[in-house]
Each structure stands twice: as structure tokens, then as C-alpha cells.
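For reference, the structure discussed in these notes is given below.
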């Protein structure tokens, strides 16, 4: 009896360990693979900046989205939030960059709260709410941009620099890590994902936590909107397209279970974003066209979800 | 001539007896586990034709698991059953019924929203087809005949099942079971739900089965009833077969000993009969709580240093009242107040802040996070107290979890072990640990010992006594009368959403004395 307990325990540990290593291993493998395929172009200093740029917004979005996913929910409105906040930021860019970024973040925050509130108070599944909001926002973007582009003042181009991005990402990750692992918000989010009824009966304010998690990802998506804007130099109807699927793919590649719960780790956001950035960038270097890239990403998403599923212990899917 | 004739009759009688003694159902090394819990361990025994066999055991002893296997709801992990000498492997209830084995379950076994007749002939609608449609007139008259046959002609076949009482619906289930003319009838703790009149029907059916040389498997908690109704009895404990007794060996004391067994003797429940409490020291007060049309105007008080029992049938409203005490359901009117602070409870958050703890009867869904570690589970209600400047360190979590998991002696490999791999009793210990860790003052325990093995059960009872001695307020909602009678200072009995009796602790409190207020 004791022996079997011991055995199952070590088996369990190996599985956990394996799951923790897989994302790093994956990152290592894609780096090696594309470094070889691209003939050393992948890790050239010029391309490294490129990689950072791609991984940057992805990481910000994924850090925010971790809270929603930890609760066992999905957010399909991220691309719409990035698009609309970029458009708002572009409209206010003339006043000052600071106003522009604050507008973007607050707009994202408001949309996030709206998502969370509709889901929490009306009991509509989060993926339905956020999918609908995505459509609403895409429509709004066309209205705000007059179906064209909204350029930013030339002076703002200088904000798009690697140093600032590195600083913003580092600070966001540290803050995200602390909140996710060491505060009530993070712990209760994971508890919700582990079992909503039991969490509620242990004192988790379910509605509040849901709204908070959507607010976090909303605000960070607003920040992504601002940085997408200054990177592209203009907001357009295409800004932020496919952002939500990229973010979720990144999280899953990083080892985050889509069912949420205790086993969620926020480092998945960073590792996953890097893996996906290398994959995307590598495919470009390798000369795969854009449509083909989408197709491959779709396949990778399904594969990554399959890998992340705990086939024994969990029922799927929400 | 006369001699040889009488010899013939004797021979015939002997032959009849031999037939009667033929084994109809045989269990051969049956095992069944639910994850890490062993529900049945190597069960082997036989049941004979024409026998009324009692099956007894404490909760979690495996008797319901065994009857579920016979009736096709569950399949054994290993072992073989023989029915009339042939291997018997029912894959569903229907399969078992077709083989001649019917069961009347403990819970509601009828389907709501259809008539009595439709329930009796569920799955047999084909018998009443007229031009491809069910002829309800024909079905109703057939149902009336079936009900009359068992002596329950007062139940109307075209009544909606929702509109008849729980007791009557149990009788409808009996009618349904009898209609299929079973070789073996399994009755699973049905009598707790029915009154004298219903019991009369049940007992006469048992007699009829016996006279037709058919078999009854009778599962009950009521030992008096057992000795009256059954020819033989099989005792089970912790998933093991303990003994087979015949009528002459069926002494109540012997049965009790066999049931409880092991180190647990007379003091399984509380040993003292001192039910005195300080009436002025109210901890939790419910004032004219109305939850629905049925559960109306409930007023009660629970005191510090008291174990208050709340009993009744499953759907009498007591579980709903328990949920309302913790703020899980908002009452339509009335209030739940914690004293002396006078704070009102309107959601679990306010309840927990006011040191109220709640153990749901649906432990795995509502009380414990199976996909989270023992430490996460224990710390969850206490996060507000653990945080310093909004941050909660691993160290503070570990200290809290270590302290309480240790105090309750949770069997685990480490604090980071996930709860789904724990046994039922250990899960319950984690749930209790999480509430003790939050310094709870008022404990609402909804079926705290449901599905828990006897050792942990006893540990929970000792803990309740200790908490009572520390001056905590405990409210135990339970469907098990022995534990209510054995543990509580006062018992409030619910019936159809209303309080039907308030009984004080005493030596003379018996199960039958309590049951009369439940039904």
C-alpha cells in the first residue's frame, strides 16, 4: 500500500517535471531548427531586434491573458481591443504621447471590464461574450478609422525603440509574476479554474475576480494597441488581427493548460511568446508565405492544446 | 397407505425445501474501487431462493455499491456473479430487470413531469400502443390494477408524480418493480422514507415474494426492522464481508458489534448525555427565513458550545437551509445573523469574514478543489489573513497548511500533492483543515461523514466534541439518524420545508422516535 502510494507519487512528479521542461525544450528546438534552416539568419543581431518586436506585444497580451485562462475562460476580443485602442491612441496622438498611451490603456480597461461584467452578471459564457465584442470592436474600428488609416505624428516614431520595450516588458512581467503567484488575485484566479463552486464556497468573490481578470487583459491589450500603433506608424482596420489566437497559441505552447487551475504558471506567457515569435519569424525567413503561415499556426495550436491536456484527470471543454 | 402418502408429502416437502435452498445469487470474489477508495474487497457469499436477506453496514461499508452491481448500475473491477447458476454480468439496470432483478433505490427513483402510470410502465409503453400512439386510458387502467394488486389503490394512476408525496412515489416505485415480476427484489433503505401504511404494503410484498419462492435483498439501517423482516442477514464493513447470520443469531447487540467492529466500541458517538447549553449564548440566528414556496418561515438559533442537529428526509429543505446559513442562497425574506456582532450573512464572503465555515454535502464538487494542492486548498479561505501588504508568501502558506494538515493527521505524501488522489476521508480532513485554519467559530456541516470510512468518521466525531468543548457552534445537517442522536445536543427535524419537531439530547431518544416527525 505504502509502496504504491510512493510509486504513484514519483510518477506524478516526473509528469509534472516533464510538463515543465517541455516548453523550454520546444523553444530550444525551434531556435536550433530555424537557425539551421535560415542559415544563421535567425540569431543575427538585426533579426534579434525583429524577434523582440514580435515577442513583445505577444508577451504583454499573454501575461494579461494568463489570468483569464487560469480561471478556465478564454478571451477572443483581444485583437479587437488592440485594434480599437490603436485607433483611439492615433486619434489622440496629436495631443501628447502620454495622453495617447493613457487613452489606449483606459479604453482597453473599460472594454475588459465590460467583457467581464457581461459574462459575470448575465451568465453568458466568456468565449461567446468576447467573440461578440470582437465583432463589435471590428465594426467600431472601421468607423473610427473611416475604413482607412490613422497615422501618428512623425515625432512619435522615436518611442518605438528596443530599450523602452525591454523595460516595459520586464516591468510588466515582474508585476504580472508577483500578482499571479503571490497575491489574492492570482491565487483566487487559479482556484476558480480548479473548481468554481468550491472556490466560491471558500470565499472567492467569483464575479469580482472574473471582472478583474478581464480588466487586466483589457488594459494590457490597450498597451499592446499603443505599441502596435507606434510600430506600424498608423492604425488601420487590420491592426490587431489574429492577435487573440496568437496570444492563446503562445500560452498553450508555453505550457499553460486551457482548462485553467492550479497548474497555471505565468512564465508560460513569456516562453510561449518567444516560441511563437521564433516560429513566425523563422517561417518568414524560410520563405513561407503569409497564408501558409496561418495554416501552419492553426495546426500548431491544435497540437499544442493536445499536448497540454491532462488526458486522465480532466474533462474538457468549456 | 396413509403412511406412504404422508411419506410422499414429506418427501415432496423436503424436495420443496431443497429447491428453496437452492442458491439463486452468488458473489464470487467481487472487488470494486473508486480511484483510491476500495469500496468492495473480495466479497463472496450466496443468497438462496425464497430467502429474505438483510444487508447491513455503516455508510461507506459497500452495501450500496454491492446492490448497484447486482442491479447493473455499476460493474465490478474483478470477480464473478452467478444468477441461478449462470454467470451474470448486467450492463445496465434494464439488463438486470430483464434478467429478473429489480431494485427500489434510496433516492427518488421516479421521473418527474410524467404521470404515476407513465412511471410504472416506463420503458414498457409498447404494451399500450394503439395505432402507433400510447393509449393512456389503457395504460391508466393497467396501472390502477397494478396499484390495487399491491394494496395502494388510493394512488391515482393519472396523477402527476410531482403532485404525490415522496412516500407515495416510493410505493409507485415498488409497484413498478413488482410489475416486472422479479426473481430478486432489492430494497435499498426505502423504509426510512415511508410511514406505517407504506411499510405495511412493503412487508406484505416481501411476504408474497417469499411465498412465491422468490428472493428479497433488504438493505436497512433499522436493526429492529431487520430482525422482524429478514430470515438471514449479511453484515458488511469497510467494503469487507463480515458475517452471515441466521434468524436465531440475529441479536441486536451482536449486529451492532459486527457493524461497528474493531477498536470502535460504545463510544463511537458521544458518551455523555449532557445536552445542556447556555440558551443566551446565541451564535447564529435565522429569522423567518423563506427560501421558496415550500421552505417557509424558518426561525432557529444555534448556540456556542452546542452541536445542533438538523435532520429530515433528503428533500425536506434542511440542505437548502444549510446553504442559506452560509449565504449561498439568498432568502426571499428573513435574515441570517451572526451574534454578538449582529452582522448579516448574505454571501459566502460575509459568512467567512464572520468566521462561519460550511462543509457541503457535495464534497468533490463544492468543498474541495480536486485539481489543486492540499496547501492551496487549506489556504484559500485564509488569504486575507495571510497577506502582508497584499502579498502572500509561500512560507506563510506552508506554515498554515502544515499546522492544520498535521493537526488533522491528513495522510499525504506532501503538501503539494493534488487532492484528487486522496481518499474520501482525507479529502474531508483537508476541507475541515481549511476551515480550522481560518479560525472558524460557527461550523455548518452538511453530511460531514457521508461516504467516509469508519476510522475518519470517528475522528470527525471526536473533533466535533473537541470543538464543542472549545465553545464553537456546530450545526450538523444529516440524513443519518444514529449520528444525529449520537452527537447532538438538540435536534431540529424538518418535514416538507417546515420544522416539525425540536428534540433535546437524551438516553430515551430512539430512531423510531425521531422518524415519526420526518414522515
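Chains as they are written, first to last, in this note's numbering: chain Z, 1139 to 1456; chain S, 16 to 534.
Built from N, CA and C at the ideal position, the CB exists for glycine as well.
Nothing here was measured: the structure is a model prediction, and the numbers come from that model.
With fewer than 16 neighbouring CB atoms inside 10 Å of its own CB, residue 347 of chain S falls in the exposed class. Contact between the region 1357-1366 of chain Z and the region 1210-1221 of chain Z is present, with at least three C-beta pairs closer than 8 Å. For residue 527 of chain S, the uninterrupted alpha helix (DSSP H) run begins and ends at 526-533, by DSSP. By the Cβ rule, the region 1392-1402 of chain Z counts as touching the region 1434-1446 of chain Z, because three or more pairs are nearer than 8 Å.
With a threshold of 16 other beta carbon atoms within 10 Å, residue 285 of chain S meets it and is buried. In this structure, residue 1354 of chain Z sits away from residue 1258 of chain Z, with a CB-CB distance that is not shorter than 8 Å. Annotated as proximal: residue 431 of chain S and residue 388 of chain S, with beta-carbon spacing under 8 Å.
Rounded to the nearest whole angstrom, the C-alpha separation of residue 271 of chain S and residue 153 of chain S is 49 Å. Taking C-beta separations shorter than 7 Å and ignoring five residues to either side along the sequence, the partners of residue 1241 of chain Z in its chain run 1226, 1227 and 1230, following chain order. Between the region 329-336 of chain S and the region 348-357 of chain S there are fewer than three inter-stretch CB-CB distances shorter than 8 Å, so the stretches are not counted as touching. For residue 402 of chain S, the neighbours in chain Z by C-beta distance under 8 Å run, in chain order, 1321 and 1322. Excluding residues up to 5 positions away in sequence, 312, 314 and 349 lie with their Cβ nearer than 6 Å to the Cβ of residue 303 of chain S in the same chain. The beta-carbon of residue 1338 of chain Z is placed less than 8 Å from the nearest beta-carbon of chain S.
If one requires a minimum length of 4 residues, the alpha helix (DSSP H) runs lying completely within the region 240-300 of chain S are 267-275, in chain order. Comparing alpha carbon positions, the residue from S:422, S:361, S:195 and S:240 closest to residue 481 of chain S is S:422. At a Cβ-Cβ threshold of 8 Å, residue 1196 of chain Z and residue 1385 of chain Z count as neighbours. Counting only Cβ-Cβ distances below 7 Å, residue 335 of chain S has no contacts in chain Z at all, with the closest Cβ about 15 Å away.
Across the structure, residue 451 of chain S and residue 374 of chain S are spaced so that their CA atoms are roughly 12 Å apart. Annotation note: the region 404-492 of chain S contains the following uninterrupted alpha helix (DSSP H) runs of length 4 or greater, listed N- to C-terminal: 409-422, 439-452 and 469-484. Annotation: residue 309 of chain S to residue 461 of chain S spans about 20 Å, alpha carbon to alpha carbon. As the crow flies, the alpha-carbon of residue 1412 of chain Z is around 8 Å from that of residue 1189 of chain Z.
Counting along the chain, the unbroken beta strand (DSSP E) around residue 48 of chain S starts and ends at 38-49.
Counting only the Cα atoms, residue 61 of chain S lies some 13 Å from residue 231 of chain S. For residue 361 of chain S, not one C-beta of chain Z is nearer than 8 Å to its own C-beta.
Taking the Cα of residue 1326 of chain Z as reference, the smallest distance to any Cα among Z:1347, Z:1309, Z:1425 and Z:1167 is reached at Z:1347.
Taking C-alpha positions only, residue 1419 of chain Z is separated from residue 1180 of chain Z by approximately 8 Å. DSSP lists S:493 and S:508 as the beta-bridge partner residues of residue 326 of chain S. Taking all protein chains in view, the Cβ of residue 419 of chain S is crowded by 16 or more other Cβ atoms within 10 Å, so the residue is classified as buried.
Taking a C-beta cut-off of 7 Å against chain S, the contacting residues of the region 1389-1415 of chain Z are 1399 and 1400, listed in chain order.
Between residue 524 of chain S and residue 500 of chain S, the CB-CB gap stays under 8 Å. Below the 8 Å Cβ cutoff, chain Z contributes no neighbours of residue 532 of chain S, its closest Cβ being approximately 30 Å away. Not a single CB atom of chain Z sits nearer than 8 Å to the CB of residue 70 of chain S. In this structure, the straight-line span from the alpha carbon of residue 182 of chain S to that of residue 262 of chain S is close to 29 Å. With respect to chain Z, the C-beta atom of residue 406 of chain S has a partner C-beta closer than 8 Å. When secondary structure is reduced to three states using DSSP, residue 1369 of chain Z falls in the helix class. Using a CB distance cut-off of 8 Å, residue 1329 of chain Z counts as an interface residue toward chain S.
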